[in-house]
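Engineer:
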Amino acid sequence: MNTLDSAIDVETPERVRFSFRLAGPAQRAAAYLIDVIVRGTVLAAVWFVAGLFGVIGGASGVGVGLALLALFVVEWGYYVACERFMNGASIGKRVLHLRVVRSDGLPIGFPESLLRNLLRAADFLPFGYALGVLVAFVDPRFRRLGDLAASTMVVVERRQPVLPAVVIRPAVQARELEAIPLKPPLRQDELEAIELFLRRASELNVSREQELAELVAPVFARRMQLGYRNAARLLALLYHRARGGVA
Amino acid sequence: MKTRDEFVVQKQSAWSELDSLLVRDRLDGSDLSRLSALYRAVCSDLMAARAAGFGTDLLGHLDGLAARAHAVLYGHGRRRWQTGLGLLLSDFPRKLRESAPFMLAAALLFFVPFALGLASTLLSPKFAETVLPPAALEEMAEMYSKSVSEGRESGTNATMAGFYVMNNVGIAFRCFATGILFGVGSIFFLVYNGLVIGTVVGHVTAVGHGQNILAFICGHSAYELGAIVISGAAGLRLGWSLIATGNLTRLGSLRVAALGTVPLIAGAAGMLLIAAAVEAFWSPSSIPYPVKYAFGGASLVTVFSFWAFAARGTRRRDHEKPSHVTLEDPA
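So the sequence lines, in the order shown, correspond to chains A and B.
Note that the first sequence covers residues 999 to 1245 in the numbering used here.
Note that the second sequence covers residues 15 to 345 in the numbering used here.
1. Measuring straight from C-alpha to C-alpha, what distance separates residue 1141 of chain A and residue 1005 of chain A?
2. Is it the case that the CB of residue 1145 of chain A approaches a heavy atom of the ligand ATP more closely than 6 Å?
3. Just how far apart, CA to CA, sit residue 192 of chain B and residue 206 of chain B?
4. Is residue 232 of chain B close to chain A, meaning its C-beta is less than 7 Å from at least one C-beta of that chain?
5. With a threshold of 16 other CB atoms inside 10 Å of the CB of residue 1091 of chain A, please say whether the residue is buried or exposed.
6. Between the segment 1223–1244 of chain A and chain B, which residues of the former have a C-beta closer than 8 Å to a C-beta of the latter?
7. For the alpha helix (DSSP H) containing residue 1222 of chain A, name the first residue and the last one.
8. Look up residue 1151 of chain A in the DSSP assignment and give the residues it is bridged to.
9. If residue 1230 of chain A sits next to residue 1208 of chain A, beta carbons under 8 Å apart, how far is it from one beta carbon to the other, in whole angstroms?
10. Provide the residue span of the alpha helix (DSSP H) that contains residue 1015 of chain A, from first to last.
11. Apply the 10 Å Cβ neighbour rule to residue 201 of chain B and answer buried if 16 or more other Cβ atoms are within range, or exposed otherwise.
12. Can a CB atom of chain B be found closer than 7 Å to the CB of residue 1257 of chain A?
13. In terms of residue numbering, what span does the beta strand (DSSP E) encompassing residue 1176 of chain A cover?
14. Using the C-alpha atoms, what's the distance from residue 116 of chain B back to residue 1113 of chain A?
15. Would you identify the three-state DSSP class for residue 105 of chain B, choosing helix, strand or coil?
16. If residue 186 of chain B and residue 286 of chain B are in contact, beta carbons under 8 Å, what's the gap, nearest whole angstrom?
17. Using 7 Å as the threshold, is the C-beta distance between residue 120 of chain B and residue 209 of chain B below it?
18. In terms of alpha-carbon separation, which member of A/1018, A/1037, A/1011, A/1010 lies closest to residue 1158 of chain A?
19. Taking one C-beta from the segment 45–61 of chain B and one from the segment 1125–1134 of chain A each time, how about it: are there three or more such pairs within less than 8 Å?
20. Consider the Cβ of residue 1124 of chain A: report whether some Cβ of chain B lies at a distance smaller than 7 Å.
21. Nearest by alpha-carbon distance to residue 19 of chain B: which of A/1194, A/1211, A/1226, A/1179 is it?
22. Whole angstroms are fine: how far does the CA of residue 1020 of chain A sit from the CA of residue 1214 of chain A?
23. Taking CB distances under 7 Å as the criterion, tell me whether residue 1194 of chain A reaches chain B.
24. With 7 Å as the threshold, decide whether the Cβ of residue 224 of chain B is near any Cβ in chain A.
25. Measuring CA to CA, which of A/1190, A/1210, A/1216 is closest to residue 1238 of chain A?
26. Within the 7 Å Cβ cut-off, does residue 1022 of chain A reach chain B?
27. Look at the alpha carbon of residue 154 of chain B and the alpha carbon of residue 144 of chain B, and state the distance between them as a whole number of angstroms.
28. Note down, in chain order, every chain B residue with its Cβ under 7 Å from the Cβ of residue 1150 of chain A.
29. Between residue 173 of chain B and chain A, is any beta-carbon pair separated by less than 7 Å?
30. How many Å lie between residue 1235 of chain A and residue 1200 of chain A at the Cα?
31. Kindly indicate which three-state DSSP category residue 1164 of chain A falls into: helix, strand or coil?
32. Specify the secondary structure class of residue 1087 of chain A as computed by DSSP and reduced to three states.
33. Since residue 1143 of chain A contacts residue 194 of chain B with CB under 8 Å, what's their CB separation in whole angstroms?
34. Using the Cα positions of residue 342 of chain B and residue 265 of chain B, report the straight-line distance between them to the nearest angstrom.
35. Taking Cβ positions only, does residue 217 of chain B come closer than 7 Å to chain A?
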């Protein structure tokens, strides 16, 4: 059923299958860049405060010590802390609707989070995540070394809305239906494609709607020896007939 | 047969109820039983919709709902995170004992170059310059030339504490992580650090400040060098799992080994935090040398007895057996 090659099926104990969509290289790179900016901003703020310690409090040593500590915490702890408190996402991942899950689809725990993020040090080699990207391109689930070791993957959070019901406007007239066969010779997948088109029609402007309909209408018209003036209307009528509708 | 639109109209209210439960932060008992009923319902709706070919948007919607409900029902995420203390006090020493062969290998990889560096420098002072640039050696000799009896300014101590945490824990983490490259990275970090540290100790001793450097490093070295060896051992374990896979696939072998290294690397990080505090505040202090030697000896005994005796006879905790690394269903 699932024709997207970036979809991963997960089977639950109830023997139900559902699928996750994997995050691709572009999405993950974008999320990483956002995280770099966030971390940079946090560090700049910390160094600024540490500087104030030195200038105002006269305790520059303590300030520098704290700043170095912050550098360590942000470098190694940022992702682990984010994944803990943001349900497997970092700030960049949240912006792009990405999330880290275990390969069985469950949320990650501390061991997985620690592993996949410590291993960034190996993925980063020799520079700029070159090794990690290379490994990810070979892996069918686009996992870098850290993901492979921790048995995790990065998926796209889906909140897909259900498209509205099919409404044919204006209402179908008996006169229009005269030429249409009682049982239009349409395959199931053709019918599904028309249905999807009709559901989306309300989001499209009129010329785009006609343009899309023109792509397939001639095929059906030739098959059924029909003439038509309005391609989108023809598809609507065919659908109406195929579903057993009358005027 | 029902059309898609009739199907949606009929089920919609249950789906939105499930959705509203999933965005809540807290769920009480009745919410949970309602959630599990709605989850099962949405699973069967998903299968019905898939069988009937009700369009990719509807399948995507139901897929997403089912996945989110599944994560909430089966995740028990909170508990899995509350393992910090148990990880350090009981899993860490037990995993250390389990990893004895890797510990031995890592210790040899560190201490043999250490001894070579130390001995070569003592025998021929020229050797040090083949390992480190003369300027760095000069600096080291200068640093330990003063007896530390006058101590150091407290602000400097705080700065150094931050530096030790960042630098040493960073090295330990890299030493561990690069072990995934068939152990090569861990071997490099162990040998390199062993050689450099041995050479520096040898050089400082050769120019006549042996007492000073020994008094300085004896307090924290049990924790610091111990942690480097442990993180190297954890890295070697990662790398070895890719070479000797047992009855598992290469990837499966890596996963099992990797989860086993988590207590090791977490413990090594904990030891390095202790080491950083000691190195920054105790080691440079004006405390008399005999006290420092005694403290160093005590640290060594502490580390070894923790390794040997801690958490013996305690029960294995569930999370050690990674539930999602199982063989395929035998049925």
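Note that beta-carbon positions come from the ideal geometry of N, C-alpha and C, so glycine has one too.
Structural biologist: Let's see:
1. Along the first sequence, one-based indexing puts residue 1141 of chain A at 143. Along the first sequence, one-based indexing puts residue 1005 of chain A at 7. Approximately 14 Å between the Cα atoms of the pair.
2. Judged by which ligands are present, the structure shown has none, so any question about the ligand ATP falls away.
3. As a working mapping, residue 192 of chain B is identified with position 178 in the second sequence. As a working mapping, residue 206 of chain B is identified with position 192 in the second sequence. If you take the alpha carbons of residue 192 of chain B and residue 206 of chain B, they lie about 14 Å apart.
4. Locating residue 232 of chain B in the second sequence gives position 218, where the first residue counts as 1. Not one chain A Cβ lies under 7 Å of residue 232 of chain B.
5. Mapped onto the first sequence, residue 1091 of chain A falls at position 93. Residue 1091 of chain A is buried by the Cβ-count criterion.
6. Within the segment 1223–1244 of chain A, the residues whose Cβ lies closer than 8 Å to some Cβ of chain B are 1241, listed in chain order.
7. Numbered from 1 along the first sequence, position 224 holds the residue referred to as residue 1222 of chain A. That run of the alpha helix (DSSP H) goes 1204–1222.
8. Taking the first residue of the first sequence as position 1, residue 1151 of chain A is located at position 153. Residue 1151 of chain A has A/1099 as its beta-bridge partners, per DSSP.
9. As a position in the first sequence, residue 1230 of chain A is number 232, starting the count at 1. As a position in the first sequence, residue 1208 of chain A is number 210, starting the count at 1. Residue 1230 of chain A to residue 1208 of chain A, Cβ: 6 Å. Contact.
10. By one-based count along the first sequence, residue 1015 of chain A stands at place 17. Annotation: residue 1015 of chain A is outside any alpha helix (DSSP H); the continuous beta strand (DSSP E) that includes it extends over 1015–1020.
11. For this step, residue 201 of chain B is matched to residue 187 along the second sequence. Buried, since its Cβ has 16 or more Cβ neighbours within 10 Å.
12. Here chain A comprises residues numbered 999 to 1245, so residue 1257 of chain A is not present and cannot be evaluated.
13. Locating residue 1176 of chain A in the first sequence gives position 178, counting from the first residue. Annotation: residue 1176 of chain A is outside any beta strand (DSSP E) and is labelled neither H nor E by DSSP.
14. The residue given as residue 1113 of chain A occupies position 115 in the first sequence. The residue given as residue 116 of chain B occupies position 102 in the second sequence. Between residue 1113 of chain A and residue 116 of chain B, the C-alpha separation is close to 19 Å.
15. On the second sequence, residue 105 of chain B is found 91 positions in, with the first residue counted as 1. Of the three classes helix, strand and coil, the one that applies to residue 105 of chain B here is helix, per DSSP.
16. Residue numbering aside, residue 186 of chain B sits at position 172 when the second sequence is read from its first letter. Residue numbering aside, residue 286 of chain B sits at position 272 when the second sequence is read from its first letter. The C-beta distance from residue 186 of chain B to residue 286 of chain B rounds to 6 Å, short enough to fall under 8 Å.
17. The sequence position of residue 120 of chain B within the second sequence is 106, counting from 1. The sequence position of residue 209 of chain B within the second sequence is 195, counting from 1. No. Outside cutoff.
18. Position 160 of the first sequence, counting from 1, holds the residue named residue 1158 of chain A. Residue 1158 of chain A has its Cα closest to that of A/1018, out of A/1018, A/1037, A/1011, A/1010.
19. No, the segment 45–61 of chain B is not in contact with the segment 1125–1134 of chain A.
20. Your numbering for residue 1124 of chain A matches position 126 in the first sequence. At a cut-off of 7 Å between C-beta atoms, residue 1124 of chain A does not count as an interface residue with respect to chain B.
21. On the second sequence, position 5 is the one that residue 19 of chain B refers to. Of A/1194, A/1211, A/1226, A/1179, the residue nearest in Cα terms is A/1194.
22. To locate residue 1214 of chain A, count along the first sequence from 1; it is residue 216. To locate residue 1020 of chain A, count along the first sequence from 1; it is residue 22. Their backbone Cα atoms lie some 31 Å apart in a straight line.
23. Indexing the first sequence from 1 puts residue 1194 of chain A at position 196. Residue 1194 of chain A counts as touching chain B.
24. Numbered from 1 along the second sequence, position 210 holds the residue referred to as residue 224 of chain B. With a threshold of 7 Å between beta carbons, residue 224 of chain B makes no contact with chain A.
25. Position 240 of the first sequence holds residue 1238 of chain A. Comparing Cα positions, the closest option is A/1190.
26. Taking the first residue of the first sequence as position 1, residue 1022 of chain A is located at position 24. No, its Cβ sits nowhere closer than 7 Å to a Cβ of chain B.
27. Here the question's residue 154 of chain B lines up with position 140 in the second sequence. Here the question's residue 144 of chain B lines up with position 130 in the second sequence. If you draw a straight line from the Cα of residue 154 of chain B to the Cα of residue 144 of chain B, it is about 15 Å long.
28. Against the first sequence, residue 1150 of chain A aligns to sequence position 152. Chain B residues near residue 1150 of chain A: none, gap ~10 Å exceeds 7 Å.
29. In the second sequence, the residue the question calls residue 173 of chain B occupies position 159. At least one beta carbon of chain A lies nearer than 7 Å to the beta carbon of residue 173 of chain B.
30. Working through the first sequence from its first residue, we reach residue 1235 of chain A at position 237. Working through the first sequence from its first residue, we reach residue 1200 of chain A at position 202. Residue 1235 of chain A and residue 1200 of chain A: Cα-Cα distance of roughly 16 Å.
31. Here residue 1164 of chain A refers to the residue found at position 166 of the first sequence. In this structure, residue 1164 of chain A counts as coil in the three-state DSSP scheme.
32. Here the question's residue 1087 of chain A lines up with position 89 in the first sequence. In the structure shown, residue 1087 of chain A adopts coil according to DSSP, grouped into three states.
33. For the purposes of this step, residue 1143 of chain A is identified with residue 145 of the first sequence, where counting begins at 1. For the purposes of this step, residue 194 of chain B is identified with residue 180 of the second sequence, where counting begins at 1. So it is a contact: roughly 5 Å between Cβ atoms.
34. Residue numbering aside, residue 342 of chain B sits at position 328 when the second sequence is read from its first letter. Residue numbering aside, residue 265 of chain B sits at position 251 when the second sequence is read from its first letter. In this prediction, residue 342 of chain B has a pLDDT of 41, which is less than 50 and means its spatial position is unreliable; nothing more can be read from the coordinates.
35. Working through the second sequence from its first residue, we reach residue 217 of chain B at position 203. No, no contact with chain A.
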